[in-house]
Amino acid sequence: MQEHKSTKTWKAVAIAAICILLIESFFLMGTMSKKQQEGAAQQAAVQQAAAEQSAAAGTETAKAADSAETTAADGGIAAADENKDIAKQLSLWTENAEPAKQLTDYVETVTREGSPDFIPVENRIAVFDLDGTLCSETNPIYFDHSLLLQRVLEDPEYKDKATDTEKEVAVQILQWIQDGKYPSTMDIDHGKAIASSFAGMTIREFVDYVRNYRNQPAPGYSGMTRGESFYRPMMEVLEYLEANGFTSYIVSGTDRLIVRGLVEDNDLIHIPAEHVIGSDETLVARGQEDKDGLHYVYTDRDDLILGGEFIIKNLKMNKVAVIAQEIGKQPVLSFGNSTGDSSMAEYTITKNPYKSLAFMLCCDDTEREYGNVEKADKMRALCEEFHWIPVSMKDDWKTIYGDGVTRTPDKGFEVIEDEIRRYK
């Protein structure tokens, strides 16, 4: 009886133990399932964080790329190494051209954000003379003087109407071509003759006249028109500066409207009309006659025409004044070739709040161009005295006018020689 009771007790204990084990097993399974779920959740969280981090990195990379593009657009240097490569930037300059190196070093310095010499884009102003700096002044003389000879001596619609004064100026130009002596009064006399001989034309008619004239073959050269007689290495400089956030202006002694006609829709040079500064003549309304502009109102029947009166020759100190008036900022780069540009050069590098440079071209090439070694040597001496940077057309440029253009002294000058004999 006692034994039976003991057996029952062990059975109860065993059943209780089994129940406990079952309960623990269910609890353990639930716990493991929960841990697995938590592990999976943790793993998913890690993967999501990694994905977000990767996406953020991609965004930052994109932002960096956008920033680089924006920096380049804003005038910063996105790829400094590329700008250091003169061969890529100024490929028409010789390998050891010191002026090219000084220019590229300068541009890299002033366009790099964080540089102590950094110049904001809006203050990166470069000014260029025209004749002898951007284009030829030796076929056989300045473009605008040749244009006057065309108008007064050759134009069938005008030569019989030319005044005695205009013809006298033309003869002086022919004499200058022959003996190389520039008349002391030519700056003003020529300006007056240009103004009077084209009086009555609209601005569009005058610019178109210049554009037609620029299509003539360039005397003294083969394979080039007058409108193509731009120095290719200097065209590279304009493009290089534009790519680095600079704004360039032509500041010339040539008549402003003549310069516009020379550069308008010209594939070689891209300077907008509003960035052309030059000598000026009066502009009036067609119906204005002798009335002062303060007492005449432009009407819908009017045209704006050349008034026939010369105003100013934009040379020497006049260049400085007109830069201040029309640009309103001191340039940081100046390019010229003669003493007519010396004031502009000095204005650029004197008391300038920004790092600045002035370059002067030296006409020392007598094989590819009609250079003047004596004149070039004088300019080098001035560069040394005034701390300008001399540019040798002979030594610093691989080409002047590009392939296919050659200096041909016996071609094209016969017309000028005939005119000299006729009027002498």
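Under numbering that gives the first Met the number 0, the first residue of the sequence shown is numbered 0, with each subsequent residue one higher. Quick reminder that beta carbons are idealized off the backbone N, C-alpha and C, glycines included. Quantities reported herein were computed from a predicted structural model and do not represent experimental measurements.
Outcome for residue i when other beta-carbon atoms lying within 10 angstroms are tallied against a minimum of 16
i, result
"Ser333", "buried"
"Glu273", "exposed"
"Ser278", "buried"
"Arg406", "buried"
"Gly179", "exposed"
"Gly113", "exposed"
"Val372", "exposed"
"Ser221", "exposed"
"Ala169", "buried"
"Asn95", "exposed"
"Thr60", "Here Thr60 scores only 41 on pLDDT, less than 50, and its place in the model is too uncertain to base an answer on."
"Asn214", "exposed"
"Lys87", "exposed"
"Pro271", "exposed"
"His294", "exposed"
"Ser183", "exposed"
"Pro115", "exposed"
"Gly190", "buried"
"Thr103", "buried"
"Ser24", "Residue confidence is low: Ser24 scores 47 on pLDDT, short of 50, so the model does not pin down where it sits. No coordinate-derived value is stated."
Rounded distance between the beta-carbons of residue j and residue i, thought under 8 Å
i, j, result
"Asp376", "Ile399", "Asp376 to Ile399, Cβ: 19 Å. No contact."
"Val206", "Leu256", "6 Å"
"Met359", "Trp387", "5 Å"
"Ala217", "Gly401", "Not a contact, Cβ separation roughly 12 Å."
"Tyr230", "Leu89", "Wrong, their Cβ atoms sit about 12 Å apart, outside the cutoff."
"Phe309", "Glu280", "5 Å"
"Gly286", "Asp301", "5 Å"
"Lys354", "Thr108", "7 Å"
"Gly219", "Pro408", "6 Å"
"Ser196", "Arg150", "5 Å"
"Ile276", "Glu241", "About 18 Å separates the two Cβ atoms, so there is no contact after all."
"Leu173", "Ile322", "Not a contact, Cβ separation roughly 33 Å."
"Gln171", "Asp188", "7 Å"
"Ser228", "Ser337", "Their Cβ separation, rounded to whole angstroms, is 17 Å, which puts Ser228 and Ser337 out of contact at 8 Å."
Close-in-space but distant-in-sequence residues of the same chain around residue i (CB under 7 Å, 5 per side omitted)
i, result
"Ala361", "Per the sequence shown, the amino acid found at residue 361 is Cys instead of Ala. Ala375, Met378, Arg379, Pro389, Val390, Ser391, Met392, listed in sequence order."
"Val283", "Ile304, Gly306"
"Gln36", "Per-residue confidence for Gln36 stands at a pLDDT of 47, beneath the threshold of 50, marking its modelled position as unreliable; no derived number is given."
"Gly199", "Ile304, Leu305"
"Glu165", "Val151, Ala192, Ser195, Ser196"
"Ile311", "Ser278, Asp279, Asn317"
"Gly424", "Any question about residue 424 goes unanswered here, given that the chain covers just 0 to 423."
"Val162", "The sequence as given places Thr at residue 162; Val does not occur at that position. Excluding sequence neighbours, Thr162 sits near Ser195."
Contact test: residue i Cβ vs the ligand FMN heavy atom, cutoff 7 Å
i, result
"Glu383", "No copy of the ligand FMN occurs in the structure displayed, which carries no ligand at all."
Close beta carbons around residue i, own chain, < 6 Å, minus the five adjacent residues each side
i, result
"Gln329", "Asn351"
"Phe245", "Arg123, Ala125"
"Tyr369", "Thr137"
"Thr347", "Pro330, Ser333, Ser355, Ala357"
"Met185", "none"
"Met223", "Ala217, Tyr400, Val404"
"Gln177", "Ile419"
"Tyr426", "Look at the range of the chain in this structure, 0 to 423, and you will see that residue 426 is not part of it."
"Thr201", "Asp302, Ile304"
Cβ neighbours of residue i in the same chain (closer than 8 Å, five flanking residues each side left out)
i, result
"Val209", "Leu146, Leu256, Ile257, Arg259, Gly260, Leu261"
"Tyr141", "Asp130, Thr253"
"Asp264", "Arg210"
"Leu91", "Arg231, Pro232, Glu235, Trp396, Lys397, Thr398"
"Asp394", "Thr93, Ala96, Asp363"
Would the stretch 234-241 count as touching the stretch 250-262 if we require 3 or more Cβ pairs under 8 Å?
The way I'd put it, the stretch 234-241 doesn't touch the stretch 250-262; fewer than three beta-carbon pairs between them come closer than 8 Å.
At least 3 beta-carbon pairs within less than 8 Å: the stretch 118-132 vs the stretch 148-164:
no
Every unbroken beta strand (DSSP E) inside the stretch 226-269 [3 residues or more]
246-254
Length-filtered (3 minimum) beta strand (DSSP E) runs lying within the stretch 77-149
Counting only runs of 3 or more, we get 124-127.
Under 8 Å: do the stretch 309-318 and the stretch 339-348 share three or more Cβ pairs, one atom per stretch?
Output reads yes: the stretch 339-348 touches the stretch 309-318.
Ranges of the beta strand (DSSP E) found wholly within the stretch 355-419, counting only runs of at least 3
356-361, 388-391
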